[in-house]
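To get the numbering used here, take the position in the sequence shown, counting from 1, and add 5. Okay, so here's the structure we're looking at.
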Amino acid sequence: MAPQITIRKADGTWSVRAGGAVLGESNNALELIEGDYPPVIYFPRDDIAMAFLDSSEKSTNCPHKGDASYFSVVTKSTTLNDVVWSYENPQEGVARIKDHLAFYTNGDVTVEQL
6 MAPQITIRKA
16 DGTWSVRAGG
26 AVLGESNNAL
36 ELIEGDYPPV
46 IYFPRDDIAM
56 AFLDSSEKST
66 NCPHKGDASY
76 FSVVTKSTTL
86 NDVVWSYENP
96 QEGVARIKDH
106 LAFYTNGDVT
116 VEQL
């Protein structure tokens, strides 16, 4: 059975930081809720400093969202491998996340509402 997926505009302004750098802030972020998983904030690409991101070879498939491609974050002091993902051609039911990026919040990366 497919999990229920809800996508809505995230309230307020959201920020993402990694390796001491602010990667972006957005008033147009989306919140994706999938089943019992914690909500994930998706940032519009236009609101992220793409110069910090390098495409990765990693890819995964979600039967509900489609194929995800990954990016690593490169800062002055470190490279955080595969901590960003994007659905370049998401399935129809989640088309709103196209041209958006999500981040693993693993201690090295923080996503927070300002």
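We put the CB at the ideal spot given by N, CA and C, even for glycine. Predicted model only: the values in this text are computed from it and were never measured.
Three-state secondary structure assigned by DSSP to residue i
| i | result |
| --- | --- |
| A34 | coil |
| D41 | coil |
| G24 | coil |
| D72 | strand |
| G29 | strand |
| D52 | helix |
| A100 | helix |
| Y109 | coil |
| T65 | strand |
Under 8 Å between C-beta atoms of residue i and residue j
| i | j | result |
| --- | --- | --- |
| V78 | F57 | yes |
| I102 | I12 | yes |
| A54 | L85 | no |
Reference residue i; option with closest CA among the options
| i | options | result |
| --- | --- | --- |
| A23 | D104, R101, K70 and T80 | T80 |
| V114 | I46, K70 and G40 | I46 |
| N111 | I10, V21 and Q9 | V21 |
| Q9 | H69, W90, D104 and T84 | H69 |
| R50 | T83, E30 and N86 | E30 |
| F76 | S60, G40 and A34 | S60 |
Beta-carbon contacts of residue i that lie in its chain and below 7 Å, excluding the five residues immediately before and after
| i | result |
| --- | --- |
| Y109 | V88 |
| N32 | T18 |
Boundaries of the beta strand (DSSP E) in which residue i is found, first to last residue
| i | result |
| --- | --- |
| V116 | V114 to Q118 |
| S91 | T84 to S91 |
| K14 | I10 to K14 |
| F57 | Here F57 belongs to no beta strand (DSSP E), and DSSP marks it neither H nor E. |
8 Å CB neighbourhood of residue i in its chain, flanking five on each side removed
| i | result |
| --- | --- |
| D72 | S64, T65, N66, Y92, E93 and N94 |
Beta-carbon proximity list for residue i, same chain, < 6 Å, skipping 5 on both sides
| i | result |
| --- | --- |
| M6 | Any reading at M6 must be qualified, since the residue scores a pLDDT of 41, below 50, and its modelled position is unreliable; the value itself is stated next. Contacts found: none. |
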